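One rule links them: number in my numbering = place in the sequence shown (from 1) + 56. Structure, as structure tokens:
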Amino acid sequence: MRFFDPHIHMTSRTTDDYVAMAASGVRAIVEPAFWLGQPRTTVGAFVDYFSSLVGWERFRASQFGVAHFCAIGLNSKEANDEGLAREVLDVLPRFALKEGVVAVGEIGYDEITPAEERAYQEQLEFAKAHDMVVMVHSPHRDKKRGIIRSLDVAQEVGVPMHKLVIDHNNEETVEDTLGRGAWCAFTIYPHTKMGSERMVELLEKYGPERMIVDSSADWGVSDPLSVPKTAKLMLERGIDPEHVRLVTWQNALDAYAQSGQIDVEALLAEPVVDQTKLFSDNSVLRGQTPRVDAAVPN
Ligand SMILES: [Zn+2]
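Quick look at the structure:
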């Protein structure tokens with residue numbers, strides 16, 4: 057099977073993860089800009105981070121046969137440092153319109169503060185003006201209120217619901233998100249309440265339409281193989297294989313291909329890896345023999 061993990065922070069992961077993901081069928085990913093565990097202190101730190109998402113990390117993924125797309129945005133946590141947030145919002149347009157950027161994200165609420173709301177609103181306006189998809193992060197605490205507020209504000213700004221992906225849903229929010237017509241994504245973390253088992257039950261209850269599974273793997277305890285593992289459990293539990301395909305591949309592709317940044321034909325073909333390639337003179341190899349796949353003749 058082929059999988060699309062539309063929320064994963066590969067900057068925090070290793071080449072072993074890329075190898076394991078590719079071997080498990082993960083063919084494409086979206087890496088949204090987020091916070092790094094401690095607050096950044098200068099706008100330059102954001103500039104370098106955004107440019108690595110559209111540059112080095114995209115290259116690194118390609119060296120293992122994984123197609124890398126990203127979302128660019130100011131995360132909700134750091135939106136609370138309002139002076140710095142202003143500077144970051146001013147540089148965002150330089151990156152959000154680059155090749156490989158499929159959405160504005162991940163943006164939204166963390167503590168649901170007025171500063172978060174201002175940054176969220178401004179980025180929604182930007183997305184609307186450029187007809188972009190928006191990836192919305194929802195808070196861990198007060199999730200339901202955060203999600204309803206994110207939906208309300210997006211509607212007020214006039215972002216069409218088919219361009220809105222609400223992430224980190226659970227049983228208490230699924231009906232709010234689906235009911236408005238937005239894409240409804242679920243993050244599957246290992247050893248937590250929102251695990252694969254619960255995802256199977258949600259799929260049985262609500263069906264596959266606009267439902268998306270992702271890993272949100274990052275520098276914390278998380279699993280870059282969440283999507284293939286959840287698919288396996290779904291199949292074992294007797295979920296229709298077509299429904300499994302929708303929630304672990306097609307829906308994410310449909311949502312983010314609206315950006316016009318995804319070559320769908322290329323994703324359906326076998327990846328062709330050439331590890332002799334360099335990015336600004338840098339290789340992912342450390343003296344190993346490069347893998348060079350023969351291009352498949354068409
Ligand atoms: Zn994230």
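Ideal placement from N, C-alpha and C gives every residue a C-beta, glycine not left out. As the structure is a prediction and not an experimental result, all values here were calculated from the model.
CB of residue i within 8 angstroms of CB of residue j, strictly
i: Met66; j: Glu143; result: no
i: Pro88; j: Glu167; result: no
i: Val158; j: Phe125; result: yes
i: Arg116; j: Pro280; result: no
i: Ser272; j: Val283; result: no
i: Glu231; j: Lys200; result: no
i: Tyr312; j: Val160; result: no
i: Ala238; j: Val221; result: yes
i: Asn307; j: Ile244; result: no
i: Met191; j: Ala127; result: yes
i: Val147; j: Leu180; result: no
Local conformation of residue i per DSSP, three classes
i: Arg205; result: helix
i: Ala89; result: coil
i: Met57; result: coil
i: Phe106; result: helix
i: Val215; result: coil
i: Phe120; result: coil
i: Arg83; result: strand
i: Met66; result: helix
Let me know the beta strand (DSSP E) ranges lying completely inside the region 144-175, each 3 residues or longer, listed in chain order. 157-164
Check whether the region 87-99 and the region 289-304 touch, using three or more Cβ-Cβ pairs below 8 angstroms as the test. no
Just to confirm the assignment: which complete alpha helix (DSSP H) runs, minimum length 4, are found wholly within the region 218-277? 230-236 and 252-262
At least 3 beta-carbon pairs within less than 8 angstroms: the region 320-330 vs the region 117-136: yes
Only counting runs of 4 or more residues, tell me where the alpha helix (DSSP H) segments fall wholly within the region 291-347, in order along the chain. 297-301, 307-313 and 320-324
Of all residues in the structure, which have a C-beta closer than 5 angstroms to any heavy atom of ligand 1, taken in chain order? Phe90 and Ser272
Are the region 170-179 and the region 131-147 touching by the rule of at least three beta carbon pairs closer than 8 angstroms? yes
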